[in-house]
Amino acid sequence: MQAWDPEHFSNFAQLCEVSLATIHEKTDAECLYLWLKTPEPQLYSFQLDQGLTTLDLAHLAQLPLPHHLIDQALDKGQLVIEQIHQSSNPDENAISVQPRLRACFPLKRHLRLEGVIYLETHRRIDRLSSRQHQGIQLLIHYLTAELSNHLLSSQVDQERVQRQHTQTDLVQSQALQGSFLNMLQALHMVCITLSRSRSENQLLRDAVLLARQELQFDRVAIFLIAPDGKTMHGTWGTSEEGELVDEHAFISPIPEHPTVQEALKRKDYVLVLEDAPLYYEQQQVGRGWNAMVSLWDGATPIGWIAADNLLWHRPLKAYQSEIFKQYAAMLSQLLIRQRTQDQLEQLNHQLEARVTERTIQLANTNRALEEANHRLSLLSLEDPLTGIANRRQWNITMQREWEWARRTQNPLAVLMIDVDQFKAYNDHFGHAKGDLCLQQVAQVLRDAERRCTNLVARYGGEEFVILLCAPQPGEAEQLAALIHNELAQLKLPHPASRVADFITVSIGFSYLVPSRHEAWQTLIEQADQALYHAKAQGRARTLAYR
Numbered sequence: 002m003q004a005w006d007p008e009h010f011s012n013f014a015q016l017c018e019v020s021l022a023t024i025h026e027k028t029d030a031e032c033l034y035l036w037l038k039t040p041e042p043q044l045y046s047f048q049l050d051q052g053l054t055t056l057d058l059a060h061l062a063q064l065p066l067p068h069h070l071i072d073q074a075l076d077k078g079q080l081v082i083e084q085i086h087q088s089s090n091p092d093e094n095a096i097s098v099q100p101r102l103r104a105c106f107p108l109k110r111h112l113r114l115e116g117v118i119y120l121e122t123h124r125r126i127d128r129l130s131s132r133q134h135q136g137i138q139l140l141i142h143y144l145t146a147e148l149s150n151h152l153l154s155s156q157v158d159q160e161r162v163q164r165q166h167t168q169t170d171l172v173q174s175q176a177l178q179g180s181f182l183n184m185l186q187a188l189h190m191v192c193i194t195l196s197r198s199r200s201e202n203q204l205l206r207d208a209v210l211l212a213r214q215e216l217q218f219d220r221v222a223i224f225l226i227a228p229d230g231k232t233m234h235g236t237w238g239t240s241e242e243g244e245l246v247d248e249h250a251f252i253s254p255i256p257e258h259p260t261v262q263e264a265l266k267r268k269d270y271v272l273v274l275e276d277a278p279l280y281y282e283q284q285q286v287g288r289g290w291n292a293m294v295s296l297w298d299g300a301t302p303i304g305w306i307a308a309d310n311l312l313w314h315r316p317l318k319a320y321q322s323e324i325f326k327q328y329a330a331m332l333s334q335l336l337i338r339q340r341t342q343d344q345l346e347q348l349n350h351q352l353e354a355r356v357t358e359r360t361i362q363l364a365n366t367n368r369a370l371e372e373a374n375h376r377l378s379l380l381s382l383e384d385p386l387t388g389i390a391n392r393r394q395w396n397i398t399m400q401r402e403w404e405w406a407r408r409t410q411n412p413l414a415v416l417m418i419d420v421d422q423f424k425a426y427n428d429h430f431g432h433a434k435g436d437l438c439l440q441q442v443a444q445v446l447r448d449a450e451r452r453c454t455n456l457v458a459r460y461g462g463e464e465f466v467i468l469l470c471a472p473q474p475g476e477a478e479q480l481a482a483l484i485h486n487e488l489a490q491l492k493l494p495h496p497a498s499r500v501a502d503f504i505t506v507s508i509g510f511s512y513l514v515p516s517r518h519e520a521w522q523t524l525i526e527q528a529d530q531a532l533y534h535a536k537a538q539g540r541a542r543t544l545a546y547r
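Start counting the sequence shown at 2; every next residue gets the next number (our numbering).
Structure, rendered in C-alpha cells:
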C-alpha cells in the first residue's frame, strides 16, 4: 500500500484509493464506500483485491447503504456508529458471535464538499481508544481537506480548460465573424458591379465570374428555366480546370431528382450534398460538396445557381451557405430588373420605330397634301385651258401691284387683247379647234412677254390681258407690235374671218401712275376702252387710251 503522502498524489483516484486503504487498515472494514454528494455525485467502493472501483449511481438503490445513517452523520457532522442486527441461528447458540458494526464518517468542508465514508466491520470501532479514534478523525480530516483541495483544483483546471475553449471558440467566432463580414462586403461590391450590367447575358456572365473571384466558390454555373417550366438551358459555367465556359447551347429537361425538385419548390433554401459526385459535360470529374439555390420571380422559380469545391476541395462553411442564399436573392432581383429593362427597351424601340414610321407617313402625307394644295392653288390661279394665269390671279396680282406702284409712284401698263372673229372660228372649225387656237395664242403671248414681274392672263373667253410693271416709255407699243408680228408668222388659218385669212388680234393699252383716289380697275377700264376703239376701227390693230 502506498504511504500516506498527500502532496504526492497524482490524481483524484489515487488519493481516494490510498485514503480508503488506510481506513480499511485501521478498521478492518469488510465493505467500504466513498459517496460524494457534492459538488458532483460520485460513488466508489474499495476492496483489497480489487482496489478502488467507480460505481454507477444508477445502481445506488441496490447497494446496502443506510440512507438514514448517512443523513444523520451529515446532519450532526460527526461519526455515527450503529450495530447491525442479525437474525438468530439455533445452530450458533453455543457460539459467541462478535457483533457487526456500520459507521458513517461525514466529509464536509466549506459547503464545497459533502459526502460520507461508509464501512461495515466486526471490529469494535466503537470501543477504540481516544488516541485511535483521534487518528481516524485526523485521517478523515486530511482526506476531506485533500478531497476538497483536489476537487477545487480539478474545478479550477476545468474552468481553465473551459476558459481556453471559450477563448478558442471566441477567436474562431471572431475569425468567422470577420470572414463573414468580409464576405458581406464582397457581396455588396459584387451587387454594385452587377447592377451596372447592360444586358442579361453580361449580368449572368459577370455573376459567374464574380462568384468565383470574390465569394470563394470553386466552380459556379447558372441555369435558367424556360417559360414552359419543364426545360432548363445553360448560360455560363465553369470547366473542370476553372475556366469560364459559355453553356448557352445546353438544353435539357429539368431533372426529376427529388433533391432538385425540392430546391425548386423552396424559396431561400440552399441544398447541399456532401461527398457527392461532381460533373462536367455530364461526365464525373471528382467528388465533393455540391450546392444549389434557386432563383425566383415572386412565387415562380426562374432558374438556379450551382456551385461546388472541385478545384480546391475546401469545406463549405456555415456562413458561405448564407452568402450563397443572399447572392441568389440579389441575382434574382437583378435578373428581374434586367429583364424588365430589356422589355421596356424593346417596347421603346418598337414605339420609336412605330413613331418613326408614323412620322414618315405623316411627313409623306403632309408633303402630298402640300403638293396637292400647291397644285390646287395653281389650279385656282391658273386657266385650265391655256395654262396661263386666270381671272382670279389677275385680280390678286393687279391689286398688289397697284398698291406697290402707288407707294413708289411707278407707272403700270395694261394691254387688253381680243382674238378677232373668234366666234366665227369656233363655228367654222368647232370648239376643239377653237380651244387649240386659244392655247396657241396664249403661247405666243407668253413667249412675247417673259419678264417675271409682268403677268399674262386669260381675262375671259377669247380675251387676254398683259400687265407691265414699271414699263419703259413705248414698251407697251413694242410688245403689241411683237404680238402682231408673231401671229402673222404663225399664220393660223381663219377662213371665216372678215379681217384676214389667219388669226389676228385687236389690242388696246393704257399707261397710268396710280393715285390715292383711283382704284386699280381704272387702268383696266382705260385699256378696255382703247380695245373697243381698235375693234371699231377694223380690228387687227393696236390703239392707246386717249
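From the three backbone atoms N, C-alpha and C, an ideal C-beta is built for every residue, glycine too.
Can you tell me whether DSSP reads residue i as helix, strand or coil?
i: E93; result: Any reading at E93 must be qualified, since the residue scores a pLDDT of 48, below 50, and its modelled position is unreliable; no value is offered.
i: K424; result: helix
i: R542; result: coil
i: E548; result: Shown here, the chain extends from 2 to 547; a query on residue 548 therefore has no answer.
i: V221; result: strand
i: A208; result: helix
i: V81; result: strand
i: F503; result: strand
i: R447; result: helix
i: K109; result: strand
i: E275; result: strand
i: G435; result: helix
i: R355; result: helix
i: Y560; result: As displayed, the chain neither begins before 2 nor continues past 547, which places residue 560 out of reach and without an answer.
i: F47; result: strand
i: Y270; result: coil
i: H234; result: strand
i: R103; result: strand
i: D560; result: Since the displayed the chain opens at 2 and closes at 547, residue 560 lies outside it and no answer follows.
i: L488; result: helix
Rounded to whole angstroms, what's the CA-CA distance from residue i to residue j? Just pull it up for me.
i: Q1; j: G462; result: Since the displayed the chain opens at 2 and closes at 547, residue 1 lies outside it and no answer follows.
i: A406; j: A471; result: 8 Å
i: P1; j: A30; result: Since the first and last residues shown for the chain are 2 and 547, residue 1 lies out of range.
i: L44; j: Q168; result: 33 Å
i: L204; j: T239; result: 16 Å
i: V445; j: Y512; result: 22 Å
i: Y119; j: S155; result: 24 Å
i: T301; j: T232; result: 14 Å
i: L21; j: L37; result: 13 Å
i: E346; j: A227; result: 21 Å
i: R368; j: D448; result: 32 Å
i: A537; j: E478; result: 19 Å
i: N349; j: D343; result: 10 Å
i: Q473; j: V466; result: 18 Å
i: T145; j: L16; result: 11 Å
i: R499; j: A535; result: 15 Å
Could you give the residue range of the alpha helix (DSSP H) that holds residue i?
i: W405; result: R392 to T409
i: D170; result: S131 to L195
i: L64; result: Unbroken run through L64: none, as it is neither H nor E.
i: S20; result: F13 to T28
i: I389; result: Taken as a continuous stretch (DSSP letters only), I389 belongs to no alpha helix (DSSP H), as it is neither H nor E.
If you measure between the beta carbons of residue i and residue j, is that distance less than 9 Å?
i: C105; j: A74; result: yes
i: A390; j: A501; result: no
i: A425; j: H495; result: yes
i: A497; j: Q422; result: yes
i: G509; j: Y460; result: no
i: W290; j: P316; result: yes
i: G1; j: L225; result: Residue 1 is absent from the model: the chain starts at 2 and stops at 547.
i: L439; j: L386; result: yes
i: I418; j: S507; result: yes
i: A292; j: L274; result: yes
i: Y270; j: S295; result: yes
i: L483; j: V415; result: no
i: V117; j: I82; result: no
i: A319; j: L177; result: yes
Specify, as a first and last residue, the run of the beta strand (DSSP E) that residue i falls within.
i: N291; result: Q284 to D298
i: L37; result: C32 to T39
i: T54; result: G52 to T55
i: P256; result: Where P256 is concerned, there is no enclosing beta strand (DSSP E), given that its DSSP letter is neither H nor E.
i: I303; result: T301 to D309
i: D247; result: L245 to D247
With a cut-off of 8 Å on the beta carbons, I'd call residue i and residue j a contact; round off their distance for me.
i: Q79; j: L102; result: No, Q79 and L102 are not in contact; Cβ-Cβ is about 16 Å, not under 8 Å.
i: L188; j: L148; result: Actually they are not in contact, since the Cβ atoms of L188 and L148 sit about 57 Å apart, beyond 8 Å.
i: L195; j: L335; result: 5 Å
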